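Peer 1: The structure's right below; bear with me while I get my questions together.
Residue numbers (this note's numbering), protein chains in the order written: chain L, 1 to 111; chain B, 1 to 111.
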């Protein structure tokens, strides 16, 4: 296991929604979550007290955050303050977004 | 200006090192920093009290964190606790890594 490079079995796999899987790893205060979308995979609208910032790495997805909607591709970033409802639709699969939460999301830790 | 999608003039451009440029945008507690490497661009060894997590988006780079060294490509993540010395060498250009700091890095804010 690497202290600085989370990978393989260090990651906690979570089925978030049909066609959407997360692979999470905690830091000290920031929680990393790789989110893989199959075509049409949808993170349904939800909110949480954690701040969520992230970047699209592969493929494309439509982000609906509060009243704003954007289609994002590799290198595009987003920032979601705590408590703001958001929804994400995978468009061009396989799509990968990587999220960074503050503080740690307890429900994303390995049991 | 978008509240949730930092882009264009919202980003604060910083020349970090020769061949290495950052484009930063603060969230509430997390600070986003897009870091672009020319071939051979180097973030020289340094440390800071902020936790730094991130993901390689384009190209390749060698990350030296504490005593660990890895060559990372698109989708690979890293987590650097506060106070740990680190150095990054751009290999396959143009390379893009996106960093997420906690807390906000005051020196990365627009003057």
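The C-beta atom is built at its ideal place from N, Cα and C for all residues, glycine as well.
Keep in mind the model is a prediction, meaning the values are calculated, not measured.
What do you reckon, are the CB atoms on residue 4(L) and residue 79(B) nearer than 8 Å?
Peer 2: Yes; because the gap between Cβ atoms is below 8 Å, this pair is in contact.
Peer 1: Evaluate residue 32(L) with the Cβ neighbour count: other Cβ atoms within 10 Å of its Cβ, from every protein chain shown; 16 or more gives buried, anything less gives exposed.
Peer 2: When all chains shown are included, residue 32(L) counts as buried.
Peer 1: Assign residue 25(L) to buried or exposed, taking buried as 16 or more other Cβ atoms, counted over all protein chains shown, within 10 Å of its Cβ.
Peer 2: Classification of residue 25(L): buried, given that the 10 Å Cβ count is 16 or more.
Peer 1: Tell me the DSSP bridge mates of residue 43(L)?
Peer 2: Residue 43(L) pairs with 88(L).
Peer 1: Whose Cβ in chain B lies nearer than 7 Å to the Cβ of residue 51(L)?
Peer 2: Chain B residues near residue 51(L): 27, 28, 29 and 30.
Peer 1: Which term fits residue 1(B), buried or exposed, when burial requires 16 or more other beta carbons within 10 angstroms of its beta carbon?
Peer 2: Exposed, because fewer than 16 other Cβ atoms sit within 10 Å of the Cβ of residue 1(B).
Peer 1: With a threshold of 16 other CB atoms inside 10 Å of the CB of residue 45(B), please say whether the residue is buried or exposed.
Peer 2: The residue is exposed, with fewer than 16 neighbouring Cβ atoms inside 10 Å.
Peer 1: Please return the same chain residues whose Cβ sits closer than 6 Å to the Cβ of residue 64(B), not counting the five positions on each side in sequence.
Peer 2: Closer than 6 Å at Cβ, skipping near neighbours: 87.
Peer 1: Using a C-beta to C-beta distance shorter than 9 Å, which residues of chain L count as neighbours of residue 75(B)?
Peer 2: Near residue 75(B) (Cβ distances below 9 Å), the residues of chain L are 34, 57, 58, 96 and 98.
Peer 1: What do you reckon, are the CB atoms on residue 85(L) and residue 66(L) nearer than 8 Å?
Peer 2: Yes.
Peer 1: Going by CA-CA distance only, name the one from 18(L), 22(L) and 81(L) that's closest to residue 10(L).
Peer 2: Selected option, being the one with the closest Cα: 22(L).
Peer 1: So, with DSSP's three-state summary, where would you put residue 38(B)?
Peer 2: It is coil, neither helix nor strand.
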